[in-house]
Every structure is written in C-alpha cells, then in structure tokens.
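Visitor:
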Amino acid sequence: MKLEFLQRKFWAATRQCSTVDGPCTQSCEDSDLDCFVIDNNGFILISKRSRETGRFLGEVDGAVLTQLLSMGVFSQVTMYDYQAMCKPSSHHHSAAQPLVSPISAFLTATRWLLQELVLFLLEWSVWGSWYDRGAEAKSVFHHSHKHKKQDPLQPCDTEYPVFVYQPAIREANGIVECGPCQKVFVVQQIPNSNLLLLVTDPTCDCSIFPPVLQEATEVKYNASVKCDRMRSQKLRRRPDSCHAFHPEENAQDCGGASDTSASPPLLLLPVCAWGLLPQLLR
C-alpha cells in the first residue's frame with residue numbers, strides 16, 4: 027500500500043462522524059487545522075506536508091511535544107550506544123603551533139607542487155585521447171584527497187533520548203502559551219494500533235520553543251567509573267577445546283574441492299583461440 031493512498035483513506039475517515047452528532051463541521055483537510063499521525067515513539071507517519079513524513083515530532087513542533095511531555099502523554103527514556111564512534115577530543119597545551127623542521131617544510135612544498143602539476147595536466151588534457159580517463163582520475167584524486175582530510179573517529183559510548191507514549195492516556199488536549207497567542211492541540215489514540223492522531227492549530231507561531239532533538243552525546247567517564255567499565259566488559263577468548271568433527275558426521279559428504287582436476291579441453295581452448303585470431307583478422 028502506497029503512502030499517498032493511505033493518507034487519502036485516512037483523511038476521508040476523519041470526515042466521517044456518527045449519525046448522532048451529524049455531519050462533521052471540521053476535518054483534517056481544512057486549512058485551519060494541522061493533522062499528524064504519529065507512532066508511539068513520536069515519529070510522523072502521515073502529514074499534510076510530505077517533507078515532514080518520517081521526521082520526529084519534536085523537530086517539527088517542539089512546543090507541542092514539550093507540552094505532551096509535561097502532561098505525561100510521552101515520557102523520556104535515555105538510551106545508550108556502547109558501539110558508537112566519536113571524534114577524538116584535541117588537547118593543546120599551548121596556542122602556538124609546533125615547530126616544523128626545514129626538511130619537513132621542503133617535503134610538504136614538494137608534495138603540494140606535484141599535486142598541482144598533476145591537476146594541471148589532468149585539467150588541460152595533455153594526454154590527448156586519455157582525456158576522459160584523466161577527468162575520471164581527477165575526480166578520484168579529488169575524492170581521495172578530500173577523504174584524507176576527514177577527522178579520524180574513535181570508539182566511544184553515547185547517550186540519546188527516546189520518547190515513549192504512555193498507553194494509559196487514550197486522549198488528551200491542551201493549550202500552549204506562545205507569547206501573543208495560544209496554540210490548541212488534541213491527541214487521541216487510534217484504536218487497535220500504536221498510532222496517535224494529533225490535531226493542532228497552525229495559525230499560532232510557537233517558534234519561541236526550541237525543537238526537541240534526539241541528538242547523541244558522548245558519555246564522559248571519570249577515572250574510577252572508566253576503570254569499573256573496563257572491568258565489567260568480558261574479554262572474548264577461544265574455547266578450551268577444539269571441536270573439528272562430530273561422531274555422526276560423514277566426512278565423505280563434505281568438501282571435495284581438493285579432488286578438482288583441470289579439464290584438458292578448457293586448457294587448450296585459449297591456445298586455439300590465440301592461433302586462430304590472426305587468421306580471422308585478415
């Protein structure tokens with residue numbers, strides 16, 4: 027099922043009201059309402075604007091998510107990534123750059139001149155018919171040269187927030203004070219699913235609230251905690267005994283690659299092709 031089809035079906039369902047209430051006075055297709063279908067972790071599944079699909083609600087509307095957190099509709103949980111990669115912190119004892127020896131400076135200047143010469147030859151295509159290959163080589167050279175300038179990464183531990191919906195609250199509404207205006211919102215659980223329907227007022231500008239992001243930050247350990255962390259990690263080691271076979275295994279059914287022999291016709295085929303090639307080209 028395509029997302030556009032699901033979105034049309036859902037917006038059509040929001041126009042259906044019960045026979046007791048009569049026809050719906052408002053629906054999600056109205057311009058004075060913003061409707062979102064989010065999952066239990068706050069990620070947008072359906073929105074009027076396709077660019078918001080798949081994004082986190084806190085990035086799109088930080089004011090509403092902040093209010094939902096204060097109301098207890100969502101709770102924040104801290105998750106840890108023990109296999110992350112971070113940029114190493116640079117420690118400089120002084121602001122002065124280290125001294126460079128004359129030989130190192132000469133080698134750096136020579137390397138720079140050679141690089142500029144190669145780029146000049148590739149750009150002016152002095153290799154004639156090798157222009158296309160030269161352009162390709164130039165792009166590869168630029169890519170490799172740029173790749174070397176990236177900062178190296180090192181293993182680290184990071185933490186990041188995760189937001190979880192509390193299913194005990196099936197419906198909630200609130201008002202966000204955004205300075206000169208008030209933003210009204212209603213959130214309701216969609217039956218038999220882990221989805222929520224969020225309806226907000228798009229006329230009130232709540233940009234004074236910062237977005238709620240899920241950025242990962244590096245965990246800094248002190249000396250004692252770092253030692254305990256290293257002690258708690260179990261070292262991987264080989265088993266005490268080697269199990270290279272099984273009593274119920276038939277060795278004749280396995281392998282057979284060592285019995286492979288060369289085929290004489292296949293060995294003679296390149297020789298025949300090499301001998302017939304000059305006659306075919308005449």
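In this note's numbering, the protein residues as written are 27 to 308.
Ideal placement from N, C-alpha and C gives every residue a C-beta, glycine not left out.
Hey, quick one: how far does the beta strand (DSSP E) through residue 203 stretch, first residue to last?
Guide: Here the beta strand (DSSP E) through residue 203 covers 197-204.
Visitor: By Cβ distance below 6 Å, which residues in the same chain neighbour residue 173 in space, the five residues on each side in sequence not counted?
Guide: A caution first: residue 173 carries a pLDDT of 49, below 50, which makes its placement in the model unreliable, though a value can still be read off. Nothing listed; no residue qualifies.
Visitor: Could you check where the alpha helix (DSSP H) with residue 110 kicks off and where it finishes?
Guide: Note, residue 110: premise wrong, no alpha helix (DSSP H); beta strand (DSSP E) at 100-112.
Visitor: Rounded to the nearest angstrom, what separates residue 251 and residue 184 at their Cα positions?
Guide: Taking the straight line from one Cα to the other gives about 15 Å.
Visitor: May I ask you to report which of helix, strand or coil DSSP gives residue 74?
Guide: Reduced to three states, the DSSP call for residue 74 is coil.
Visitor: Quick check on DSSP: helix, strand or coil for residue 243?
Guide: Residue 243: strand per DSSP, three-state reduction.
Visitor: Pull up the distance between the alpha-carbon of residue 137 and that of residue 180, whole angstroms please.
Guide: Rounded to the nearest angstrom, the two C-alpha atoms are 28 Å apart.
Visitor: Tell me the rounded alpha-carbon separation between residue 232 and residue 254.
Guide: Computed Cα separation, rounded: 45 Å.
Visitor: Who are the Cβ neighbours of residue 228 in its own chain at under 6 Å, not counting the five residues just before and after it?
Guide: Closer than 6 Å at Cβ, skipping near neighbours: 60.
Visitor: Please classify residue 54: does DSSP put it in a helix, a strand, or coil?
Guide: Looking at residue 54 - three-state DSSP - the assignment turns out to be coil, as it is neither helix nor strand.
Visitor: Go ahead and label residue 91 buried or exposed: buried means 16 or more other beta carbons lie within 10 angstroms of its beta carbon, across all protein chains shown.
Guide: It counts as buried.
Visitor: Have a look at residue 209 and residue 245 and give me their C-alpha separation to the nearest angstrom.
Guide: Approximately 36 Å between the Cα atoms of the pair.
Visitor: With a Cβ-Cβ cutoff of 7 Å, do residue 105 and residue 186 count as a contact?
Guide: For residue 105 and residue 186, yes; Cβs fall inside 7 Å.
Visitor: Taking the alpha carbon of residue 108 as the reference point, which residue from 248, 268, 243 has its own alpha carbon closest?
Guide: Looking at the Cα atoms, 243 is the closest of the given residues.
Visitor: Give me the Cβ distance between residue 213 and residue 99, rounded to the nearest whole Å; I'm assuming they're in contact under 8 Å.
Guide: At roughly 6 Å, the Cβ-Cβ gap stays under 8 Å, so residue 213 and residue 99 are in contact.
Visitor: Find the nearest neighbour of residue 102 within the set 76, 68, 230, judged by alpha-carbon distance.
Guide: Looking at the Cα atoms, 68 is the closest of the given residues.
Visitor: Sorted by chain position, which residues of the same chain lie with C-beta nearer than 7 Å to residue 33's C-beta, five sequence neighbours on each side aside?
Guide: The residues are 72.
Visitor: With the cut-off set at 7 Å, would you say residue 112 and residue 182 are in Cβ contact?
Guide: Yes, these two residues count as a Cβ contact at 7 Å.
Visitor: In whole angstroms, give me the CA-to-CA distance for residue 128 and residue 115.
Guide: Straight-line Cα distance between these residues: approximately 29 Å.
Visitor: In terms of residues, what are the limits of the alpha helix (DSSP H) holding residue 33?
Guide: Where residue 33 is concerned, the enclosing alpha helix (DSSP H) stretches over 29-40.
Visitor: Which residue comes first and which comes last in the beta strand (DSSP E) that contains residue 210?
Guide: Where residue 210 is concerned, the enclosing beta strand (DSSP E) stretches over 207-215.
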